[in-house]
Amino acid sequence: MSKQQAPVKKNDIVTLNFEDITHEGNGVGKIDGYPLFVPNALPGETGQVKAIMVKKNFAIGRLLEIVERSPERVEPPCNVYFQCGGCQLQHMSYAMQLKMKQKQVESALRKIGHIDHITVESTIGMDDPWRYRNKVQIPVAEREGQLITGFYRKKSHEIIEGMDRCIITSEINDRMVEAVRSIADRLGIPAYDEQSHRGVLRHIMARTGEATDQTMIVLVTKTAELPHKQQFIDQLKETFPNITSIMQNINKERTNVILGKQTKCLWGEGYIYDTIGDIQFKISAKSFYQVNPKQTKKLYDQTLAFADLSGGETVIDAYCGIGTISLFLAQKAGKVYGVEIVPEAITDAKENAKLNKMENVDFVVGQAEKVMPWWTAQGLKPDVIVVDPPRKGCEEELLAAMIAMKPERIVYVSCNPSTLARDLRILEDGGYRTKKVQPVDMFPQTSHVECCALLTYEGK
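Per UniProt numbering, the sequence shown runs over residues 1 to 460.
Next comes the structure, spelled out in structure tokens:
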């Protein structure tokens, strides 16, 4: 094969044997070593593929026909699966999804972190990998004079027609979104229009406390005033007598960011409660709270097991959020210090500590990479550091601060295998050794995977 010229041209139709799958769930077939990435194709299948984008080193194809099917292929139960970008893996068996995620983590550790001295554990899955999300955020638009709701079509801001449910979100959230749309439509509350930057209702958010059955509706509006506010509240309460909280979030900006800065309570308490294990959490409209409580319990139990606490340890929880992991750790630790850059999250964390009558936790607002050296200067020496960063991973200064503190164990919780692998390499170079990596399937039917890694200090 010429280095300058790809073996296919745009719109060519070829027959491919698929031998692998990417971390995004695309099948991989090759022509003379040149890869074509094809959505909805599975390893072990043969298919007719049309090349729709051709680059020097790879091409993107569209699957036209499956010639030989994989036994792992299943019929997606969602009627808009191939239009919606929310899920990527509904066409493969759940057993294959779990294996794919384990392999994804193994590949990242080996290729990015150059860590091949451990075996990644099998992915911890769900007994029932459907209807697990406790929060949904649905855009609103108008079509032929009526309000419509639904997720966007792949790579667009066009709402999919005929989408009346999402089978990975809880049924009560589906019903609440539909009720809000119907009531707003009857009251003539106009949808927000991105092009003209006019209108009122931008998004509908529904949150549910799985263990408590408490529910919250958040209306995201462009305007500070909600037309027919009292009628809206009355009709929603009549439809859902057990609703806990009705909120309004105001977002006046031209932006793809869903929530604005200002939130006000229209009716109810302004928050809901949920529990994970023995810990209770107070959740406001903007609180970050894991969307899959059943799997969150498994992830946090794994974090606690890796931390291996006996009752007297000092623990630091970096990127502590609203204190979810911190409070799990506080059940077994002597003292837990949580640090988080978002002030509202720390306010929630302190509230949650009070709610659970936990006095062995301190929460601080600030950048972990700056707060931790200050703690060191005060003489604080942690036995364990737990870190749960965003997708971009840890800042280099934070990794340096962790290494300088020399805790016996580091437990790294990650939602991105690539940045996890990069950061584990830095920690290993700093005297740590990766002992175990446990993937947890927090988001079934999607290509995302959460991980928990244990490192112990072995010295340089």
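Glycine residues also receive a C-beta, built at the ideal position from the N, C-alpha and C atoms.
| Nearest-angstrom beta carbon gap, Leu63 and Asn79 [assumed within contact, 8 Å] | So it is not a contact: roughly 19 Å between Cβ atoms.
| From this set, Met126, Asp185, Gln290, which residue's C-alpha is nearest Thr275's C-alpha? | Gln290
| task | Starting from the Cα of Glu313, find the closest Cα among Glu121, Glu178, Ile385, Thr208 and give me that residue. | result | Ile385
| task | Pick out whichever of Gln331, Val364, Lys332 has its Cα sitting closest to the Cα of Thr344. | result | Going by the sequence as given, residue 344 is Glu instead of Thr. The shortest Cα separation from Glu344 among Gln331, Val364, Lys332 belongs to Val364.
| field | Rounded separation between His203 and Arg131 - CA only | value | 21 Å
| request: Check whether the stretch 437-451 touches the stretch 93-110, counting contact only when three or more Cβ pairs, one atom from each stretch, lie closer than 8 Å. | output: yes
| task | Figure out for me which residue from Gln88, Thr123, Asp116 has the closest Cα to the Cα of Lys101. | result | Thr123
| field | Buried or exposed by the 16-neighbour rule on C-beta atoms within 10 Å, applied to Ile13 | value | exposed
| Ordered list of beta strand (DSSP E) runs contained in the UniProt domain "TRAM" (7-65), each at least 3 residues | 13-21, 26-31, 34-39, 46-54
| query | Straight-line CA distance for Leu259 to Asn251? | reply | 6 Å
| Lys154 to Tyr81, Cα distance in whole Å? | 10 Å
| field | Inter-stretch contact (C-beta, 8 Å, three-pair minimum) for the stretch 215-222 and the stretch 183-203 | value | yes
| request: Have a look at Val257 and His157 and give me their C-alpha separation to the nearest angstrom. | output: 13 Å
| field | Among Pro227, Thr296, Gln104, the one whose alpha carbon lies nearest that of Glu210 | value | Thr296
| Hey, quick one: how far does the alpha helix (DSSP H) through Tyr457 stretch, first residue to last? | Premise fails: Tyr457 lies in the beta strand (DSSP E), 450-457, not in any alpha helix (DSSP H).
| query | Is the beta carbon of Gly27 less than 9 Å from the beta carbon of Glu72? | reply | no
| field | Where the alpha helix (DSSP H) through Tyr337 begins and ends | value | From DSSP, Tyr337 is part of no alpha helix (DSSP H) but of the beta strand (DSSP E) over 335-340.
| query | Are Leu420 and Ala368 close, meaning C-beta to C-beta below 9 Å? | reply | no
| query | Taking the continuous alpha helix (DSSP H) assigned at Val180, which residues delimit it? | reply | 171-187
| query | Which residues in the same chain as Ser414 place their Cβ atom closer than 6 Å to its Cβ, once the five residues preceding and following it in sequence are excluded? | reply | Leu420, Cys451
| request: Could you give the DSSP three-state label for Thr215: helix, strand or coil? | output: strand
| Beta carbon of Val38 nearer than 9 Å to that of Gly47 | yes
| Helix, strand or coil at His224 [DSSP, three-state] | Here the sequence assigns Ala to residue 224, which means His is not the residue at that position. If DSSP states are grouped into helix, strand and coil, Ala224 belongs with coil.
| query | In this structure, does DSSP put Thr314 in helix, strand or coil? | reply | strand
| message | I need the straight-line Cα distance from Gln5 to Lys56, nearest angstrom please. | response | 7 Å
| said: Looking at the secondary structure, which residues open and close the beta strand (DSSP E) in which Asp362 lies? | reply: 361-365
| message | Here's the rule I'm using: 16 or more other beta-carbon atoms within 10 Å means buried, otherwise exposed. How should Gln248 be labelled? | response | buried
| Neighbourhood of His448 by C-beta distance below 8 Å, restricted to the same chain and skipping five residues each side | Cys415, Met442
| query | Is the Cβ of Phe363 closer than 9 Å to any Cβ of chain D? | reply | Although the question refers to chain D, the structure presented lacks it and comprises just one protein chain.
| Given that a residue counts as buried once 16 or more other Cβ atoms are within 10 Å of its Cβ, and exposed if not, what is Lys298? | buried
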